[in-house]
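Novice: First to last, the sequence lines map onto chains R and E. So that you can map any letter, position 7 of the first sequence is 6 in numbering that gives the first Met the number 0, and since no number is skipped, the others follow by simple counting. So that you can map any letter, position 317 of the second sequence is 316 in numbering that gives the first Met the number 0, and since no number is skipped, the others follow by simple counting. No residue lacks a Cβ here, since even glycine has one placed at the ideal position from N, Cα and C. If you're wondering where the values come from, they're calculated on a predicted model, not measured in any experiment.
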Amino acid sequence: MTQPSNTPDATTSMHTAEAPFVDIRGLTVTFTAGRKPVRAVDGVDLQVQRGEVVALIGESGSGKSVTLRSLLRLHTPRHTKMGGQMRVGEHDVLALSPGALADYRGRVASMIFQEPLLALDPVYTVGAQIVESIRRHENVSAAQAQQRALELFERVRIPSPGRRLQAYPHEMSGGMRQRAMIALALACRPQLLLADEPTTALDATVQIQILLLLRELQRDLGLAVVFVTHDIGAAVEVADRIAVMYAGRIVEEGPARTLIREPRHPYTLALLKSRAHGALAKSSRLETIGGAPPDLSALPPGCAFAERCAWAQDGCRQSAPEPVLLAPGHQARCFRTEATAPTVSTPAPH
Amino acid sequence: MSGASTLLEVRGLVKHFPLKKDLLGRGGGVVRAVDGVDFSVHTGETLGVVGESGCGKSTTARLLMHLIEPDRGDIIFDGVAVGGRDLSLKAFRRQSQMVFQDSYASLNPRLTIEDSIAFAPQVHGLPYQQAVQRARDLLARVGLEPRRFAERYPHELSGGQRQRVNIARALALQPRLVILDEAVSALDKSVEAQVLNLLLDLKDEFGLTYVFISHDLNVVRYMSDRVMVMYLGQVVEIGEAEALFEAPRHPYTRALLSSIPSMDPDRRTEVPPLAGDPPNPINPPSGCRFHTRCTQAQPVCAQRVPALASGGGSHPVACLMFEAGSGHTAAPDQAVTSTSATAPAASLATEGA
């Protein structure tokens with residue numbers, strides 16, 4: 000069951016003028032279905048302002064999707080233990096009653112998924128699903144809801160929108176389905192849009208169209224967006240800020256520009272270097288990260304990345320680092336941020 | 000590359016998949032998955048294949064392996080027609096192997112990975128003990144310590160480890176050609192880098208030739224010596240990787256390459272290089288198949304089918320803008336000189352900037 004913890008500092012930040020729209024503090028998510036409990040999210044703090052796009056990046060198992068899904072409380076309560084605080088607007092997400100949660104989903108925050116064919120209901124037309132969603136939340140007539148659905152389809156640039164509303168999900172192409180799902184997510188005018196790898200299954204040519212659409216909608220509607228992706232390139236295209244996750248924690252967070260140009264956490268550095276990019280010489284080998292991410296059911300006491308880190312020292316294995324502020328808005332959870340400063344960019348011997 | 004010998008040659012390859020008719024006998028069209036493809040793979044090179052989904056790149060790969068039978072066309076391996084009297088399918092498959100995207104689906108869940116790798120050599124006549132020894136050597140070679148891994152089942156491995164097993168299995172018959180169909184696409188970036196490095200090392204060590212299919216253009220550029228761009232079942236451009244990425248000729252290649260995220264927050268894409276999804280290969284557009292999405296299209300493009308030819312430029316391209324006397328206003332005159340043939344490329348480049 001979900002239980003908000005009573006951290007004393009959670010109340011103090013709420014009354015400031017620039018209160019973030021999304022305020023996650025000390026979020027922990029533990030899955031208890033298996034033999035050993037798995038700590039998928041291990042203390043995530045994340046703030047998102049209105050009208051801001053934050054990208055959560057990381058590899059499989061880093062906890063980025065679990066964090067995102069927690070914002071809608073999509074994890075099975077029976078097998079999930081959640082702790083910490085999550086506020087979205089005036090809602091305390093972890094304390095919402097089942098009825099209030101149903102109102103909150105779609106109306107305040109809604110989500111688009113990686114695979115629209117699985118997220119959309121195959122036996123209803125896309126138009127019917129949008130109409131249903133609108134009428135679930137608002138007291139409007141079927142005709143009015145139909146009209147809103149049409150406007151939404153125009154908004155997400157679906158060609159011949161009137162005809163497409165009558166289409167079933169399988170009758171649409173991949174890019175079109177993703178647009179339809181965005182329309183569905185926006186049906187009840189949410190203020191927070193959560194996007195879980197929305198372009199991963201798409202071709203590069205279609206991916207860029209969807210990314211541009213998301214950027215445009217976010218700008219026009221003033222949405223707060225949390226965008227989860229494993230593709231740094233896609234994150235850079237849309238995000239104002241980027242947060243890098245590793246083993247259930249945000250290890251580095253900063254403005255997109257800073258994070259790409261001056262990454263300071265060894266994991267971010269390694270991730271950026273391991274990408275095959277444009278002008279890479281043929282004869283060179285890609286730089287790889289040795290080893291594998293830690294077992295989430297037996298996290299080490301120290302920094303979770305220490306085992307794979309070229310800069311790690313003994314202290315890194317004993318206690319977990321707290322975030323170090325490097326510049327306004329740029330922080331990294333690392334004991335050795337002086338060593339990763341841009342002037343010293345090559346890994347020093349231990 | 001002109002002096003290199005040809006390991007694999009493909010001529011006029013065609014594969015149409017018939018559609019089922021409905022109850023009233025309607026429908027029944029054909030999906031023109033691969034529709035007249037010619038290319039060759041030189042010995043020792045990596046040929047990259049790119050294109051959107053539905054362009055026929057995976058169908059081409061399966062045709063090369065004879066996993067599906069082509070409707071028309073010839074596949075010639077090392078000078079001998081595949082499947083003919085001189086090179087049976089079994090003999091061909093000893094020399095040509097494939098690695099698929101889904102590392103789990105391509106392994107038998109009931110065989111240990113050692114047995115999976117040793118299976119094919121036994122089919123081809125190697126005694127069990129020797130086949131297992133070869134499997135263990137290969138496991139060690141792809142970075143999976145045999146003592147720890149040989150007895151494991153596929154579900155006990157991570158995605159990256161499973162793909163290493165698939166690579167080891169592909170090498171078990173000591174092939175000359177390996178077809179990699181989105182072999183690293185399902186892997187995380189850091190694991191992908193490890194597998195790509197492994198593929199490059201193995202290529203050097205065993206003198207392999209790769210056909211490398213991927214939708215990740217950066218990875219294709221890094222891996223490939225030459226690159227082939229496909230659109231709706233046809234080849235639209237083929238050439239040296241650096242030339243093609245630095246100076247793409249076909250408008251489709253240009254659009255495809257400018258869809259790559261810039262990795263620079265100050266140089267974000269503002270206008271999508273291409274609108275819409277690729278058209279349906281059931282009823283491909285007439286003339287040049289790209290004309291419905293092409294910014295340079297003119298009426299002639301809907302009527303005339305462009306041929307894949309160099310037209311005086313650096314590498315072959317199938318576009319009427321480069322075809323002398325095609326009727327496209329950007330096309331060179333009949334009396335073509337090599338300098339005038341490159342002019343359309345230059346004018347496009349300034350428009351794109």
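From the DSSP output, in three-state form, read off residue 77/R for me.
Specialist: Here the question's residue 77/R lines up with position 78 in the first sequence. In the structure shown, residue 77/R sits in a helix (DSSP, three-state: H, G or I).
Novice: Locate the alpha helix (DSSP H) running through residue 72/E, then write down its first and last residues.
Specialist: Position 73 of the second sequence, counted from the first residue, corresponds to residue 72/E. That residue, residue 72/E, is in no alpha helix (DSSP H); its beta strand (DSSP E) goes 71-76.
Novice: What three-state label does DSSP hand residue 318/R in the structure shown?
Specialist: The residue labelled residue 318/R in the question sits at position 319 within the first sequence. Residue state, collapsed to three classes: coil.
Novice: Among 238/E, 266/E, 28/E and 122/E, whose alpha-carbon lies nearest the alpha-carbon of residue 92/E?
Specialist: Counting from 1 along the second sequence, the entry for residue 92/E is found at position 93. Comparing Cα positions, the closest option is 122/E.
Novice: Pull up the DSSP beta-bridge partners for residue 48/E, would you.
Specialist: The residue given as residue 48/E occupies position 49 in the second sequence. Per DSSP, 212/E and 227/E.
Novice: Does the Cβ of residue 180/E have 16 or more other Cβ atoms within 10 Å, making it buried, or fewer, making it exposed?
Specialist: Within the second sequence, the letter at position 181 stands for residue 180/E. Flag for residue 180/E reads buried.
Novice: Answer with buried or exposed for residue 60/R, where buried requires no fewer than 16 other C-beta atoms within 10 angstroms of its C-beta.
Specialist: Taking the first sequence and counting its residues from 1, the one referred to as residue 60/R is at position 61. Burial call: buried.
Novice: Contact criterion: CB-CB distance below 8 Å. Does residue 250/R meet it with respect to chain E?
Specialist: Position 251 of the first sequence, counted from the first residue, corresponds to residue 250/R. Residue 250/R does not count as touching chain E.
Novice: Would a check of beta-carbon distances place residue 262/E closer than 8 Å to chain R?
Specialist: Taking the first residue of the second sequence as 1, we reach residue 262/E at position 263. Interface residue, yes.
Novice: Could you tell me the distance, in whole angstroms, from the CA atom of residue 271/E to the CA atom of residue 125/E?
Specialist: In the second sequence, residue 271/E corresponds to position 272, counting from 1. In the second sequence, residue 125/E corresponds to position 126, counting from 1. Between residue 271/E and residue 125/E, the C-alpha separation is close to 55 Å.
Novice: Which chain E residues sit within Cβ distance under 7 Å of residue 360/R?
Specialist: Because chain R here runs from 0 to 349, residue 360/R falls outside it and cannot be looked at.
Novice: Whole angstroms are fine: how far does the CA of residue 38/R sit from the CA of residue 23/R?
Specialist: Here residue 23/R corresponds to residue number 24 of the first sequence, with the count starting at 1. Here residue 38/R corresponds to residue number 39 of the first sequence, with the count starting at 1. About 17 Å.
Novice: I think residue 251/R touches residue 263/R, with their Cβ atoms under 8 Å apart; what is that distance to the nearest whole Å?
Specialist: As a working note, residue 251/R is residue 252 in the first sequence. As a working note, residue 263/R is residue 264 in the first sequence. Correct: roughly 7 Å between the Cβ atoms.
Novice: Nearest chain E C-beta to residue 344/R closer than 8 Å, yes or no?
Specialist: Position 345 of the first sequence, counted from the first residue, corresponds to residue 344/R. The pLDDT assigned to residue 344/R is 47, lower than 50, so where the model puts this residue is not dependable; a value taken from the coordinates is nonetheless given after this. No - not a single Cβ of chain E is within 8 Å of the one on residue 344/R.
Novice: Starting from the C-beta of residue 314/E, find all residues in its chain whose C-beta is less than 8 Å away, skip the five residues before and the five after it, and write them out in chain order.
Specialist: The residue you call residue 314/E lines up with position 315 of the second sequence. For residue 314/E, where only same-chain residues beyond five positions count, the Cβ hits under 8 Å are 236, 237, 238, 239, 242, 243 and 248.
Novice: Bridge partners for residue 245/R per DSSP, in chain order?
Specialist: If you number the first sequence from 1, residue 245/R lands on position 246. Answer is 248/R, bridged to residue 245/R.
Novice: Nearest CA to the CA of residue 356/E: which residue from 136/E, 10/E, 85/E and 289/E?
Specialist: One cannot answer for residue 356/E here, as it falls past the ends of chain E, which runs 0 to 352.
Novice: Would you list, in chain order, the members of the stretch 282-312 of chain R that have their beta-carbon closer than 8 Å to a beta-carbon of chain E?
Specialist: Listed by position along the chain: 284, 285, 286, 287, 288 and 291.
Novice: At a Cβ threshold of 8 Å, is residue 220/R touching chain E?
Specialist: Walking along the first sequence from the start, residue 220/R turns up at place 221. Closer than 8 Å: no.
Novice: I believe residue 247/R touches residue 41/R by the beta-carbon criterion, under 8 Å. Please report the beta-carbon distance rounded to the nearest angstrom.
Specialist: Numbered from 1 along the first sequence, position 248 holds the residue referred to as residue 247/R. Numbered from 1 along the first sequence, position 42 holds the residue referred to as residue 41/R. The beta-carbon separation of residue 247/R and residue 41/R, rounded to 4 Å, stays under the 8 Å limit for a contact.
Novice: For residue 133/E, collect the residues of the same chain with a Cβ closer than 8 Å to its Cβ; drop the 5 residues on either side in sequence, then sort them by chain order.
Specialist: Taking the second sequence and counting its residues from 1, one reaches residue 133/E at position 134. Hits under 8 Å: 116, 117, 120, 125 and 171.
Novice: Beta-carbon of residue 181/R versus every beta-carbon of chain E: anything under 8 Å?
Specialist: In the first sequence, residue 181/R corresponds to position 182, counting from 1. Judged by the 8 Å Cβ criterion, residue 181/R is not in contact with chain E.
Novice: Tell me, please, which residues DSSP counts as bridged to residue 110/R.
Specialist: The count along the first sequence starts at 1 and reaches residue 110/R at position 111. Partner(s): 193/R.
Novice: Assess contact between the stretch 269-283 of chain E and the stretch 19-35 of chain E, defined as three or more Cβ pairs (one per stretch) separated by less than 8 Å. Is contact present?
Specialist: Contact between the stretch 269-283 of chain E and the stretch 19-35 of chain E is present, because at least three Cβ pairs lie under 8 Å.
Novice: Give the straight-line distance between the Cα atoms of residue 206/R and residue 46/R, rounded to the nearest whole angstrom.
Specialist: On the first sequence, position 207 is the one that residue 206/R refers to. On the first sequence, position 47 is the one that residue 46/R refers to. Cα-Cα distance, rounded: 27 Å.
Novice: Please classify residue 341/R: is it buried, with 16 or more other beta-carbons within 10 angstroms of its beta-carbon, or exposed?
Specialist: The sequence position of residue 341/R within the first sequence is 342, counting from 1. Exposed: under 16 other Cβ atoms inside 10 Å.
Novice: Beta-carbon within less than 6 Å of residue 82/E's beta-carbon, same chain only, minus the 5 sequence neighbours each way: which residues are those?
Specialist: Position 83 of the second sequence, counted from the start, is the residue given in the question as residue 82/E. Once the five neighbours on either side are set aside, the close Cβ partners of residue 82/E are 88.
Novice: Suppose the cutoff is 6 Å on Cβ atoms and the five residues either side in sequence are ignored; what does the same chain contact list for residue 260/E look like?
Specialist: On the second sequence, position 261 is the one that residue 260/E refers to. Answer for residue 260/E: no residue qualifies.
Novice: For residue 221/E, would you say it is in contact with chain R, using Cβ-to-Cβ distances shorter than 8 Å as the test?
Specialist: One-based indexing of the second sequence puts residue 221/E at position 222. So yes, residue 221/E belongs to the interface.
Novice: Consider the Cβ of residue 141/E: report whether some Cβ of chain R lies at a distance smaller than 8 Å.
Specialist: Here residue 141/E corresponds to residue number 142 of the second sequence, with the count starting at 1. With 8 Å as the cut-off, residue 141/E does not count as an interface residue toward chain R.
Novice: Which full runs of the beta strand (DSSP E) of 3+ residues lie inside the stretch 232-284 of chain E, going along the chain?
Specialist: 233-239
Novice: Candidates 205/E, 21/E and 273/E: which alpha carbon is nearest residue 208/R's?
Specialist: For the purposes of this step, residue 208/R is identified with residue 209 of the first sequence, where counting begins at 1. Considering only alpha carbons, the answer is 273/E.
Novice: Thinking just about the alpha-carbon of each residue, which of 164/E, 299/E, 97/E and 43/E is nearest to the one in residue 144/E?
Specialist: Looking up residue 144/E in the second sequence gives position 145. Among 164/E, 299/E, 97/E and 43/E, the Cα nearest to that of residue 144/E belongs to 164/E.
Novice: What does DSSP give as the partner residues of residue 178/E in its beta bridges?
Specialist: Within the second sequence, the letter at position 179 stands for residue 178/E. BP columns for residue 178/E point to 97/E and 210/E.
Novice: Bridge partners of residue 8/E, per DSSP?
Specialist: Reading the second sequence from its first residue, position 9 is the one you call residue 8/E. Residue 8/E pairs with 39/E and 75/E.
Novice: Within the 8 Å Cβ cut-off, does residue 267/E reach chain R?
Specialist: Locating residue 267/E in the second sequence gives position 268, where the first residue counts as 1. Yes, residue 267/E counts as interfacial toward chain R.
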